[in-house]
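One structure below.
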Amino acid sequence: MGAIHLSEVRCSGQESSLWKCPHKNITAEDCSHGQDAGVRCNLPYTGVETKIRLSGGRSRHEGRVEVQIGGPGPLRWGLICGDDWGTLEAMVACRQLGLGYANHGLQETWYWDSGNITEVVMSGVRCTGTEMSLDQCAHHGTHIACKRTETRFTAGVICSETASDLLLHSALVQETAYIEDRPLHMLYCAAEENCLARSARSANWPYGHRRLLRFSSQIHNLGRADFRPKAGRHSWVWHECHGHYHSMDIFTHYDILTPNGTKVAEGHKASFCLEDTECQEDVSKRYECANFGEQGITVGCWDLYRHDIDCQWIDITDVKPGNYILQVVINPNFEVAESDFTNNAMKCNCKYDGHRIWVHNCHIGDAFGEEANKRFERYPGQTSNQII
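Every letter in the sequence shown is one number past the one before it in the UniProt record's numbering, and letter 55, counting from 1, is 55.
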């Protein structure tokens, strides 16, 4: 059931996700569901779950986080400073607790009873989201530094047995990328929503044009829970130009980077509306942008931002010819919890000669492998990415 995304996966065993293992691009002839891979997991007992607990919550899946620490004297329980506590830290806490995935990471827990535990014993916690326990995350160690020392500002979590998992269709980005020189008189709405580079403000409106790198982005929910915006309907923002409400200020980042990672251009999409554009055969649509409908992405569905809609671009008017990286990151601020953030970034090689752009080697992952970098240097170009 559903799409097949990977074939001929070859891992060393050290990778943090399957997307980082060498694999073959899928074609229709490659695989059938009769060849679906499976696993039987055996997680060794490490004892880390005995060093963390929740208190004060309405159920065992929520509460103020308490951790056990050693040091001089006997072991003791204490609280975690809520400064900078977020989704990634909550993911690790829920994993260590054996309670599945993070739903929310909370910096204030005044509404939960603190009991007799009042000492803050951990601060400065910063996790990548892949750690097995909080003590594997960066933190201040024995030096506790907390901006807000009251008990109400200690860390809490709400855990869930299920979570969404978003994945960008990288091949579609590569197939649909092209350059458009769009007249300024057709960009008033885009300028209002801050979809153009800063230099557009000083342009000679309505004369002249902006050079736009356009592409489609199709975002699938492969998880076990619907992806819902964090903000409630009461706080959604109406956008007159597009005629619908936007539920997330930042859902996707579009960037053009130099090979060393320096940003030279970015997509300034003001905000996003989330809906089920299409779904698998056995799944029904639940979310739509029209008529103040509920917004989100259902499990088994995808949200498609076509290349020809407003603001689905990066303004590259000021970008000089050269070799670049196109980067797209979904849910970049971890605003909504997912089961896996390692597959939220996509990168492509780009070659721009000042007139045409060639986009190739689009793939999911945080960084290029050695083989991808070799292909980047030798790539001769594509004639299909034309200016219109």
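Ideal Cβ positions, reconstructed from N, Cα and C, are used throughout, including at glycine.
These figures come from a predicted structure and were not determined experimentally.
According to DSSP, residues forming a beta bridge with residue i
i    : result
D181 : R211
T154 : C81
A138 : R126
Q218 : L304
K351 : N323, W358
G164 : For the sequence presented, residue 164 should be read as Ser rather than Gly. S164 pairs with E338.
Residues near residue i in its chain [Cβ-Cβ closer than 8 Å; skip 5 each side]
i    : result
R210 : D181, R182, L184, L187, L196, A197, A200, A203, D315, T317
Contacting residues, own chain, Cβ-Cβ under 6 Å from residue i (five flanking each side not counted)
i    : result
E335 : K230
R224 : T162
N343 : W19, L167, I364
G124 : H139, H140
R58  : none
P22  : R10
A90  : A102, G105, V157
Spatially closest choice to residue i from the options, by CA coordinates
i    : options                : result
T50  : R10, C273, L99         : L99
V120 : M132, K147, A138       : K147
W112 : D83, T142, V92, V157   : V157
D340 : G63, R40, C362, N103   : N103
S170 : S217, C137, A138, A155 : S217
R214 : C127, R233, Y254, C41  : Y254
T118 : A138, W77, L212        : W77
L134 : D282, T149, V173, G86  : G86
M132 : D165, T142, G115, V92  : V92
E192 : Y178, S164, I179, H239 : H239
L212 : A37, S17, C41, G354    : G354
C94  : E8, V65, S16           : V65
L75  : A90, I52, K24          : I52
T277 : R233, D303, T149, I256 : D303
L79  : G73, R60, G56          : G56
Nearest-angstrom Cα separation, counted from residue j out to residue i
i    : j    : result
E175 : H360 : 9 Å
F153 : L54  : 15 Å
R306 : I330 : 16 Å
C301 : L6   : 18 Å
I4   : H33  : 8 Å
T128 : A337 : 13 Å
H220 : P206 : 38 Å
K351 : F251 : 26 Å
K320 : D310 : 24 Å
L222 : D36  : 15 Å
G299 : F227 : Per the sequence shown, the amino acid found at residue 299 is Val instead of Gly. Going from the Cα of V299 to the Cα of F227 covers about 8 Å.
G293 : C279 : 17 Å
S17  : T130 : 10 Å
C159 : L88  : 12 Å
Y379 : G267 : At Y379, the pLDDT of 37 sits below 50, so the modelled position is not reliable and the matter cannot be decided from this model.
V48  : A190 : 51 Å
Own chain partners of residue i with C-beta closer than 7 Å, once the 5 adjacent residues on each side are dropped
i    : result
T258 : V264, Y324
I108 : Before going further, note that residue 108 is Glu rather than Ile in the sequence given. For E108, where only same-chain residues beyond five positions count, the Cβ hits under 7 Å are G82, R152, F153.
Q295 : P229, S247, C273, L274, E275, Y287, C289
G369 : Caution applies to G369, whose pLDDT of 42 falls short of 50 and renders its modelled position unreliable; the model cannot decide the point.
L172 : S216, Q218
W110 : R152
What runs of the beta strand (DSSP E), each 3 residues or longer, lie entirely inside the region 58–97?
62–69, 76–80
Which whole runs of the beta strand (DSSP E) in the region 312–344 are 3 residues long or more, in chain order?
313–315, 322–330
Runs of alpha helix (DSSP H) wholly within the region 221–309 (minimum 4 residues, chain order):
none
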